[in-house]
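Novice: For what it's worth, my numbering labels the leading residue of the sequence shown as 1, then goes sequentially.
Glycine is no exception: its CB is placed at the ideal position from the N, C-alpha and C atoms.
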Amino acid sequence: MASIESPNGTGIKRLRLLWSLFLNERSDPEPFYRALGAETACDLNKRYEINNDRILDVGCGPGWYAEAMREHGATVLGIDGSMNTLTRAQPPIPGLALGDATVMAFPDNSFDGVFCSNMLEHASDPSKVVDEIIRVLKPDGWGYLSWTNWYSPNGGHNMNPYQYLGPKFGPKLYEKIHGPPPDNRYGEGLFAVHIGPTLRMIRNKPGISISRIEPRYWPWARFIIGIPIVREFFTWNCVIRFNKESQSS
1 MASIESPNGT
11 GIKRLRLLWS
21 LFLNERSDPE
31 PFYRALGAET
41 ACDLNKRYEI
51 NNDRILDVGC
61 GPGWYAEAMR
71 EHGATVLGID
81 GSMNTLTRAQ
91 PPIPGLALGD
101 ATVMAFPDNS
111 FDGVFCSNML
121 EHASDPSKVV
131 DEIIRVLKPD
141 GWGYLSWTNW
151 YSPNGGHNMN
161 PYQYLGPKFG
171 PKLYEKIHGP
181 PPDNRYGEGL
191 FAVHIGPTLR
201 MIRNKPGISI
211 SRIEPRYWPW
221 ARFIIGIPIV
231 REFFTWNCVI
241 RFNKESQSS
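1. Output the residue ranges of the beta strand (DSSP E) runs that lie fully inside the region 137–204 and measure 3 residues or longer, sorted by chain position.
2. Which residue from F32, D183, L44 puts its Cα closest to that of L18?
3. Please state the DSSP three-state secondary structure of I4.
4. Apply the 10 Å Cβ neighbour rule to Q247 and answer buried if 16 or more other Cβ atoms are within range, or exposed otherwise.
5. D80 and L56 look like a contact to me (Cβ under 8 Å); what is the Cβ gap, rounded to whole Å?
6. Do N184 and H157 come within 7 Å of each other at the CB atom, strictly closer than that value?
7. What residues are listed by DSSP as bridge partners for C238?
8. For G207, which three-state DSSP category applies?
9. At which residue ranges does the region 94–121 contain complete beta strand (DSSP E) runs of 3 or more residues, listed in the order of the chain?
10. In terms of DSSP beta bridges, what is L86 paired with?
11. Where M201 and N84 are concerned, what is the direct C-alpha to C-alpha distance, given to the nearest angstrom?
12. Is D80 helix, strand or coil by DSSP?
13. Would you list the one or two residues that DSSP bridges to L56?
14. CA-CA distance, E30 and W64?
15. Kindly confirm or deny that the region 101–109 and the region 129–137 touch, where touching means at least three C-beta pairs closer than 8 Å.
16. For my contact list, I213 and K244 are in at a C-beta cut-off of 8 Å; report their separation, rounded to the angstrom.
17. Whole angstroms are fine: how far does the CA of G61 sit from the CA of K176?
18. What does a CB cutoff of less than 8 Å around G189 pick up in its chain, not counting 5 residues either side in sequence?
19. Taking Cβ to Cβ, would you say R160 is nearer than 7 Å to E232?
20. Start and end of the alpha helix (DSSP H) containing P91?
21. Short of 6 Å in beta carbon distance, which residues of its chain neighbour V239, apart from the five on each side in sequence? Order them along the chain.
22. Please confirm whether P126 and V193 have their CB atoms less than 7 Å apart.
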């Protein structure tokens with residue numbers, strides 16, 4: 001598939017912009033996520049023509065991605081497990097609600113698309129999250145799933161770079177030296193989600209077909225996904241795109 005034109009530019013220009021915004025993501029997250037949201041919504045619209053689609057944003061955060069998708073004519077509902085996160089935007093963005101991604105309060109086959117960005121590493125049971133995404137998708141609907149893999153440079157979130165010591169020892173050493181992180185404490189709000197096991201889990205799910213797997217920030221380097229161990233360190237953020245098979249399949 002041809003590359004998707006980005007509202008943030010392409011090549012080095014795009015990487016410089018995203019990197020400069022990412023450096024301030026902890027203290028000022030809105031500019032980074034609005035830039036990434038605009039780019040992602042453009043991508044989704046070009047791939048799926050989301051105008052008039054009913055989309056669920058799982059782990060929607062303050063709603064910056066939801067707003068970006070709405071600008072392309074989609075009707076977007078969002079759920080998140082944290083009221084503090086939902087109300088971070090001022091004023092709060094409408095159409096968002098508290099919700100459990102492992103037990104969603106929506107009927108089967110409710111949405112044309114389900115978008116789930118950077119949430120899987122915050123779920124204690126990623127497999128249940130994927131099951132629920134598949135359940136609420138309409139037949140032939142699309143799914144977008146991305147997460148920050150544990151051994152990527154930002155995999156430990158507040159604990160970076162202690163994640164490189166592994167999920168058993170890294171968080172313990174971090175807390176011994178620094179105390180508990182301000183949020184996303186390991187085992188409570190952050191979990192080690194690796195690419196290899198996650199790909200195997202999703203490939204074993206019945207009723208879906210995977211269309212593309214790639215690094216989110218540099219999709220041109222998707223060959224990395226096929227290299228075990230290397231992908232765990234250099235992908236940074238993994239994206240899986242899939243479709244729910246029609247009921248006649």
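Specialist: So, from the data block:
1. 137–147
2. F32
3. Summary for I4: the model assigns pLDDT 47, below 50, so the residue's position carries little reliability, and this model does not support an answer.
4. exposed
5. Between L56 and D80 the Cβ distance is about 12 Å, and since that is not below 8 Å, they are no contact.
6. yes
7. W147, P215
8. coil
9. 96–98, 111–117
10. Its beta-bridge partners do not exist; DSSP assigns none.
11. 31 Å
12. strand
13. L77, V114
14. 8 Å
15. yes
16. About 17 Å separates the two Cβ atoms, so there is no contact after all.
17. 30 Å
18. H122, D183
19. Looking at the sequence provided, one finds Asn at residue 160 rather than Arg. No, they are not a contact pair.
20. Here P91 belongs to no alpha helix (DSSP H), and DSSP marks it neither H nor E.
21. S146, E214, R216
22. yes
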